[in-house]
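S.K.: If you read the sequence shown in full-length UniProt numbering, its first letter stands for residue 1, the second for the next number, and so on.
The beta-carbon is built from N, C-alpha and C at its ideal position, and this holds for glycine as well.
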Amino acid sequence: MGLEEKLPSGFLLTTVEKAVGWARKNSVWPATFGLACCAIELMATGGPKHDLARFGMERASATPRQADLMIVAGRVSQKMAPVVRRIYDQMAEPKWVIAMGVCASSGGMFNNYAVVQGVDHIVPVDVYLPGCPPRPEMLIDAIVKLHDKIQNMKFGAHRAAQLEELERRALRTLPLIEQGAGK
Ligand code: SF4
1 MGLEEKLPSG FLLTTVEKAV GWARKNSVWP ATFGLACCAI ELMATGGPKH
51 DLARFGMERA SATPRQADLM IVAGRVSQKM APVVRRIYDQ MAEPKWVIAM
101 GVCASSGGMF NNYAVVQGVD HIVPVDVYLP GCPPRPEMLI DAIVKLHDKI
151 QNMKFGAHRA AQLEELERRA LRTLPLIEQG AGK
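Written out as structure tokens, the structure is:
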């Protein structure tokens, strides 16, 4: 459009959506959270070798109210499922979920009545990460993919529609799990 020639040097043009996306993706705070063996790899990712701090993510929050990323590291038992959902509900909006490892993603080798067959039965999942256990490099790859998603996230009704789609499965299964856990 020739706009660049008319602007003095030192000006940067962007949209509010892109600027907010950039700020959000560089300040994701994970909830302190680990359910099984995958959590060891999650802890290793925060160590000096892999250095989550370069993404601004070294501050793992001990309270869900100051966290906006849930990394589900490990299999989720039926008993634990309502607790995981409560933590998710208490997290600050907008919030994201990574299912870390085959157990969190699909139940993995625990194909039985005691384990939730995929954490997307109870919370909306943004990124699925395969592997048993996934190495820290794989988790970092999932985080970078989540960053892309956050950067390109639409505001308002678009995100609401996206969440509704992700939540559909969870809303169908969660009441059944809660009934079972309450027995
Ligand atoms: S995917 Fe493997 S390492 Fe992770 S919780 Fe399941 S059994 Fe453990």
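Under 6 angstroms Cβ to Cβ from G182, same chain only, skipping five residues before and after it: list those, please.
M.R.: The residue labelled residue 182 in the question sits at position 182 within the sequence shown. Bear in mind that a pLDDT of 47 at G182, under 50, signals an unreliable position, so the number given afterwards is only what the model happens to contain. Nothing meets the Cβ criterion.
S.K.: When the Cα atoms are used, what is the spatial distance from T173 to G107?
M.R.: Mapped onto the sequence shown, residue 173 falls at position 173. Mapped onto the sequence shown, residue 107 falls at position 107. Looking at the two C-alpha atoms, the distance is approximately 14 angstroms.
S.K.: When the Cα of G34 is compared with those of A62, Y113, A92, which residue comes out closest?
M.R.: Reading the sequence shown from its first residue, position 34 is the one you call residue 34. Comparing Cα-Cα distances from G34 to each of A62, Y113, A92, the minimum goes to A62.
S.K.: Work out the CA separation of H147 and A99 for me, nearest whole Å.
M.R.: Indexing the sequence shown from 1 puts residue 99 at position 99. Indexing the sequence shown from 1 puts residue 147 at position 147. One C-alpha to the other measures close to 15 angstroms.
S.K.: Based on DSSP bridge pairs, tell me the residues matched to Y128.
M.R.: In the sequence shown, counting from the first residue as 1, residue 128 sits at position 128. Paired residue(s): A99.
S.K.: With burial defined as no fewer than 16 other Cβ atoms inside 10 Å of the residue's Cβ, what is the status of residue 251: buried or exposed?
M.R.: This structure leaves residue 251 out entirely; the chain is present only between 1 and 183.
S.K.: Would you call C103 buried or exposed, if buried means 16 or more other Cβ atoms sit within 10 Å of its Cβ?
M.R.: Position 103 of the sequence shown, counting from 1, holds the residue named residue 103. Buried, since its Cβ has 16 or more Cβ neighbours within 10 Å.
S.K.: Could you tell me whether any non-hydrogen atom of the ligand SF4 is closer than 7 angstroms to the CB of V102?
M.R.: Translated into positions along the sequence shown, residue 102 becomes position 102. Flag set: Cβ of V102 near the ligand SF4.
S.K.: Could you check where the alpha helix (DSSP H) with I143 kicks off and where it finishes?
M.R.: Position 143 of the sequence shown, counted from the first residue, corresponds to residue 143. Taken as a continuous stretch (DSSP letters only), the alpha helix (DSSP H) holding I143 covers 136-151.
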